[in-house]
Amino acid sequence: MHSTTRQQAIHPHDMQEIERIFDDILRDRGLTRRCEAAERIAKRLVAIYQSGVRDCSALKALARTSRFQA
93 MHSTTRQQAI
103 HPHDMQEIER
113 IFDDILRDRG
123 LTRRCEAAER
133 IAKRLVAIYQ
143 SGVRDCSALK
153 ALARTSRFQA
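Start counting the sequence shown at 93; every next residue gets the next number (the working numbering).
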């Protein structure tokens with residue numbers, strides 16, 4: 093069975109933006125990259141990006157909420 097949802101590739105310059113947003117969120121929350129919360133945030137950011145959200149402000153806002161789950 094094939095999924096009708098297509099994941100979009102993340103290009104290097106997009107990954108740099110996602111990483112910058114990730115680092116901002118971790119800094120704001122006082123988290124390190126090696127904690128479980130950071131892993132959840134990273135997964136959420138990638139899932140949000142792959143859902144089609146490209147605006148940096150929107151990515152950051154959605155990743156900070158718990159409503160959008162990876």
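Cβ atoms here follow ideal geometry from the backbone N, Cα and C, with glycine treated the same way.
The model shown is predicted, which means the values in this text are computed figures rather than measured ones.
Inter-segment contact for the region 143 to 155 and the region 121 to 131 is absent: fewer than three beta-carbon pairs are separated by less than 8 Å. The continuous alpha helix (DSSP H) containing A129 extends over residues E128 to Q142. In the DSSP assignment, L123 falls outside any alpha helix (DSSP H) and carries neither an H nor an E. One alpha carbon belongs to I117, the other to T157, and they sit about 11 Å apart.
Cβ-Cβ separation between V138 and I110: approximately 7 Å, consistent with a contact (criterion under 8 Å).
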